[in-house]
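Visitor:
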Amino acid sequence: MSNPFKPTAGMNPPVLVGRTDDIEDFSCALDDGVGAPGRLMYLTGARGVGKTVMLTALGDIARKQHWLVIDETAEDGFIPRIINALHDDDKMRLSSMTMPSANLTIPGTPATASVSLGSLQFAASERALNFRKAMSDRLDKLEKKDRGILITLDEVQAANLEEIRALATAVQHLIREQRNIAFVFAGLPSMVEDVVNDNVLTFLRRAERKHLGSVSLDDVKESFAETIESNGKHATEQVLSALAQATNGYPFMIQLVGYWTWHASATGPYAHDSEITADAADRGIARAKIKLGDMVHGPAVDGLSAMARDYLLAMAQDDGPSSTSDIAKRLERNQIYANVYRTQLIKEDIIFASSYGYVDFKLPYLRDYLREHGAYHQMRRAIAGME
Ligand SMILES: Nc1ncnc2c1ncn2[C@@H]1O[C@H](COP(=O)(O)OP(=O)(O)OP(=O)(O)O)[C@@H](O)[C@H]1O
Ligand SMILES: [Mg+2]
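To convert, take the position in the sequence shown, counting from 1, and add 1114; that gives the numbering used here.
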């Protein structure tokens, strides 16, 4: 029997827990017609909270209503890729317009600054125009049948701001022209904020914002019961509660706990044909915590500045919420300085202000991870400092 849980980035979970309201809002926005506010939306939240799978779920809603859905990731060149997708069935693909390969050396620049004509080199404004035209042409056909176009753009934090501006400007025009479109983008909180606050993109501020967070433990428990039962096994209330508790409501952890518990119930000392035993659950939870460290905590911590990492390490010395003035003391900095990193970490959804003057970890098990790996992180910093 294959494992029903999917602890892989972007993979659809067996049950999408706790997002019904958000999905319904979007469904209504499509029903409400051109100009409905929910047709312009952005999703933010920490790594592994389920942004990518939400984009898929929203895309499914639109597909059910026979919309054309284009899913893209905001790496360089996403506009030409969207244009390609728009032309997909009428042989007008951009690749066929590619010019013969030739190198052009620009006078007055070093020889290395040559431009290959073989690849597409649109100026941003030209890209926007091409995109608008491709959208309009496609919409002319779709709208006759009451259909529209949804574009989802993931990993917006990785985007080149110029290209985002070009796309957003074009989308704004299409909205003004009352075209039947929807646009949903997703990314990590602080970077998306940079995009939304870009003064050229003021209209994006009006986009409906969904900050995805953890989901309720009752919903998690129910989803475990449903997935386990529908795949031919059984677990007691007690085991289901233990599994749900261990996730802390963090979506990625739902899949990790589910996956490794299922695994423990399929092979090894706790294998059982029809039952997920308490031992299997314990073992699964332990494995899930280790995997969470490798897959989420490691990358999340590595992506931070050395000072933000130190801030977390200082917090990890406490067993519960940390006083911000204690942390400043541990860092041997004044509070204003420490506060810069506090703000940054809160924005990234890694910690939160638990009460006045106190912060606590938001990513589950990060404290344990840091305690285990703290020495490693400090060593790395010491090495970097010697270079
Ligand atoms: N609502 C949910 N219920 C159950 N599982 C979920 C839910 N949302 C996400 N997951 C699971 O969590 C994992 C992470 O989801 P996803 O890749 O969408 O996160 P993300 O927010 O896009 O992360 P990143 O910022 O790293 O791209 C996947 O294994 C997915 O199946
Ligand atoms: Mg993602």
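Note that CB positions come from ideal geometry on N, CA and C, so glycine has one too.
#1: Would you list, in sequence order, the uninterrupted beta strand (DSSP E) runs of no fewer than 3 residues that lie entirely inside the region 1450-1495?
#2: Residue ranges of each beta strand (DSSP E) run of no fewer than 3 residues wholly in the region 1250-1332, ordered along the chain?
#3: Around the C-beta of P1151, are 16 or more other C-beta atoms found within 10 angstroms, so that it is buried, or is it exposed?
#4: Does D1432 come out as helix, strand or coil in the three-state DSSP assignment?
#5: What did DSSP end up calling Y1156 once you bin it into helix, strand or coil?
#6: Would you call the CB atoms of I1390 and S1379 closer than 8 angstroms?
#7: Below 8 angstroms between beta carbons: does that hold for L1154 and R1320?
#8: If we count the other Cβ atoms within 10 Å of its Cβ and call it buried at 16 or more, is T1123 buried or exposed?
#9: Please state whether the Cβ-Cβ distance between L1182 and L1256 is less than 8 angstroms.
#10: Which residues neighbour ligand 2 when neighbourhood means a C-beta less than 6 angstroms away from any of its non-hydrogen atoms? List them by chain order.
#11: According to DSSP, is I1175 part of a helix, a strand, or is it coil?
#12: According to the neighbour-count rule (16 or more other Cβ atoms, all chains shown, within 10 Å of its Cβ), is M1249 buried or exposed?
#13: Where does the unbroken alpha helix (DSSP H) through V1148 begin, and where does it stop?
#14: Between the beta-carbon of G1159 and the beta-carbon of G1327, is there less than 8 angstroms?
#15: Taking 7 angstroms as the cut-off, is the beta-carbon of F1366 closer than that to any non-hydrogen atom of ligand 1?
#16: Please list the terminal residues of the continuous beta strand (DSSP E) segment that includes T1097.
#17: Using 10 angstroms around the beta-carbon of D1260, count the other beta-carbons present and answer buried if the total reaches 16, otherwise exposed.
#18: Compute the Euclidean distance between the alpha carbons of V1410 and E1340, then round it to the nearest angstrom.
#19: Using DSSP bridges, identify the partner residues of H1073.
#20: May I ask whether a heavy atom of ligand 1 can be found less than 7 angstroms away from the beta carbon of G1159?
#21: Quick one: what does DSSP say H1377 is sitting in, helix, strand or coil?
#22: Using only CA atoms, which one of F1192, V1306, R1279 lies nearest to K1324?
#23: Would you call the region 1466-1476 and the region 1436-1448 in contact, with 3 or more CB pairs under 8 angstroms?
#24: Would you call the region 1131-1141 and the region 1329-1345 touching, i.e. three or more CB-CB distances under 8 angstroms?
#25: Using the Cα positions of A1356 and I1399, report the straight-line distance between them to the nearest angstrom.
#26: Looking at the C-beta of F1317, does it have a partner C-beta in chain D at a distance below 8 angstroms?
#27: Over the uninterrupted alpha helix (DSSP H) stretch that includes L1200, give me the two end residues.
#28: How is E1072 classed by DSSP in three states: helix, strand or coil?
#29: With respect to the alpha helix (DSSP H) encompassing R1397, which residues constitute its N-terminal and C-terminal limits?
#30: Report yes if the CB atom of L1315 is closer than 8 angstroms to the CB atom of R1290, and no otherwise.
#31: Indicate the three-state DSSP secondary structure (helix, strand or coil) for S1090 in the structure shown.
#32: Is the beta carbon of Y1364 less than 8 angstroms from the beta carbon of P1194?
#33: Beta-carbon within less than 6 angstroms of T1361's beta-carbon, same chain only, minus the 5 sequence neighbours each way: which residues are those?
#34: Short of 8 angstroms in beta carbon distance, which residues of its chain neighbour V1270, apart from the five on each side in sequence? Order them along the chain.
#35: Give the DSSP bridge partners of S1437, in chain order.
Guide: On the basis of the coordinates in this document:
#1: 1465-1469, 1472-1475
#2: 1263-1268, 1295-1301, 1322-1325
#3: Translated into the one-based positions of the sequence shown, residue 1151 becomes position 37. So P1151 counts as exposed.
#4: Residue 1432 sits at position 318 when you count from the first residue of the sequence shown. Coil.
#5: Walking along the sequence shown from the start, residue 1156 turns up at place 42. Three-state DSSP puts Y1156 in a strand.
#6: Residue mapping note: residue 1390 aligns to position 276 of the sequence shown, counting from 1. Residue mapping note: residue 1379 aligns to position 265 of the sequence shown, counting from 1. Contact flag set, yes.
#7: In the sequence shown, counting from the first residue as 1, residue 1154 sits at position 40. In the sequence shown, counting from the first residue as 1, residue 1320 sits at position 206. In contact: L1154 and R1320 (Cβ atoms closer than 8 angstroms).
#8: As a working mapping, residue 1123 is identified with position 9 in the sequence shown. As written in the sequence, residue 1123 is Ala, which differs from the Thr given in the question. A1123 should be labelled exposed.
#9: For this step, residue 1182 is matched to residue 68 along the sequence shown. For this step, residue 1256 is matched to residue 142 along the sequence shown. For L1182 and L1256, yes; Cβs fall inside 8 angstroms.
#10: A1123, G1124, K1165, T1166, D1268
#11: Taking the first residue of the sequence shown as 1, we reach residue 1175 at position 61. Helix at I1175.
#12: Taking the first residue of the sequence shown as position 1, residue 1249 is located at position 135. Answer is buried; the Cβ neighbour count reaches 16.
#13: Here residue 1148 refers to the residue found at position 34 when the sequence shown is read from its first residue. Where V1148 is concerned, there is no enclosing alpha helix (DSSP H), given that its DSSP letter is neither H nor E.
#14: For the purposes of this step, residue 1159 is taken as the residue at position 45 of the sequence shown. For the purposes of this step, residue 1327 is taken as the residue at position 213 of the sequence shown. Yes; because the gap between Cβ atoms is below 8 angstroms, this pair is in contact.
#15: Residue numbering aside, residue 1366 sits at position 252 when the sequence shown is read from its first letter. Result yes, Cβ under 7 angstroms from ligand 1.
#16: Because residue 1097 is not part of the residues shown, which for the chain are 1115 to 1501, the question remains open.
#17: For the purposes of this step, residue 1260 is taken as residue 146 along the sequence shown, with counting starting at 1. Counting Cβ neighbours within 10 Å, D1260 comes out exposed, since fewer than 16 surround it.
#18: Here residue 1410 corresponds to residue number 296 of the sequence shown, with the count starting at 1. Here residue 1340 corresponds to residue number 226 of the sequence shown, with the count starting at 1. Each residue's Cα considered, the two are about 26 angstroms apart.
#19: Nothing in the structure corresponds to residue 1073, since the chain is present only between 1115 and 1501.
#20: Position 45 of the sequence shown holds residue 1159. The answer is yes for G1159.
#21: As a first step, residue 1377 must be located in the sequence shown, where it is residue number 263. Note: H1377 maps to helix in three-state DSSP.
#22: The sequence position of residue 1324 within the sequence shown is 210, counting from 1. Nearest of F1192, V1306, R1279 to K1324, Cα basis: V1306.
#23: yes
#24: yes
#25: For the purposes of this step, residue 1356 is taken as residue 242 along the sequence shown, with counting starting at 1. For the purposes of this step, residue 1399 is taken as residue 285 along the sequence shown, with counting starting at 1. Approximately 9 angstroms between the Cα atoms of the pair.
#26: Of the protein chains in this structure there is only one, and it is not chain D.
#27: Looking up residue 1200 in the sequence shown gives position 86. Segment 1192-1200, the alpha helix (DSSP H) holding L1200.
#28: A query on residue 1072 cannot be resolved here, the shown segment of the chain reaching from 1115 to 1501 and no further.
#29: Position 283 of the sequence shown, counting from 1, holds the residue named residue 1397. R1397 -> alpha helix (DSSP H) spans 1392-1406.
#30: Stepping through the sequence shown from its first residue, residue 1315 is reached at position 201. Stepping through the sequence shown from its first residue, residue 1290 is reached at position 176. In this structure, R1290 does not lie closer than 8 angstroms to L1315 by Cβ.
#31: Missing from the structure shown is residue 1090; the chain here goes from 1115 to 1501 and no further.
#32: As a working note, residue 1364 is residue 250 in the sequence shown. As a working note, residue 1194 is residue 80 in the sequence shown. The answer is no: Cβ separation not under 8 angstroms.
#33: As a working note, residue 1361 is residue 247 in the sequence shown. Within the same chain, T1361 has close Cβ partners V1334, M1367, I1368, V1371.
#34: In the sequence shown, residue 1270 corresponds to position 156, counting from 1. Taken in chain order, the residues that qualify are Y1156, A1188, I1278, F1299, A1300, G1301, M1305, V1306, V1309.
#35: Reading the sequence shown from its first residue, position 323 is the one you call residue 1437. Note: S1437 sits in a beta bridge opposite Y1472.
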